[in-house]
DNA sequence: CTTTATTTGTCCGTATGTATG
DNA sequence: ACATACATACGGACAAATAAA
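Chains as they are written, first to last, in my numbering: chain D, 2 to 84; chain Z, 2 to 84.
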């Protein structure tokens, strides 16, 4: 089971973990990150899972298709110079 | 493809379209309105199509014959006085 | 009679949206 | 943060009835 630190919102800590998995490629583009999967893995309420997903969506790391799921966004064209 | 508005159930919007076709005579009495036809035309799930049909049936605009289909109801005897 | 196609009936599962306590 | 409930929506599968070939 995941160990939460006190004094920091759980949804932030969950978002941190997922963010890392996205940025490291553990979760490739289009990978489904459902609320239920977060509920089960982290032992949290769906309410909390939704907050984590919302945060990542607002960061652009996830996009949500209503009634279908939330998925890892395609890589953004960052760093223009590097060729 | 049909354009759905957000903030309103799809099954309601589909029902609206069919209702208009019935009331305008585009779909005459006994015209078949099958779930599959709605699925294909509107690009929705059958689940959603069934909800639209159910709504129109409850309004009396359609009647369903099990395993045969849902058909446009005969015109209702409105306006009593007119003879 | 058999086969094929069509259509509704029913059930399961997954997932988000929304609201309440 | 949690728990619960319901609505909305999609996908798939199978059964049963009907009609037509």
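The C-beta atom is built at its ideal place from N, Cα and C for all residues, glycine as well.
Check                                                                                                                                               : Outcome
What does the alpha-carbon distance come out to for the pair residue 39 of chain D and residue 4 of chain D?                                        : 14 Å
So if DSSP puts residue 73 of chain Z in a beta bridge, which residue, or which two residues, is it bridged to?                                     : Z/63
Determine the closest residue to residue 62 of chain Z out of Z/24, Z/51, Z/2, Z/15, with distance taken between C-alpha atoms.                     : Z/24
With 16 other CB atoms within 10 Å as the buried threshold, where does residue 66 of chain D fall?                                                  : exposed
Compute the Euclidean distance between the alpha carbons of residue 11 of chain D and residue 20 of chain D, then round it to the nearest angstrom. : 14 Å
Would the beta-carbon of residue 35 of chain Z fall within 9 Å of that of residue 57 of chain Z?                                                    : no
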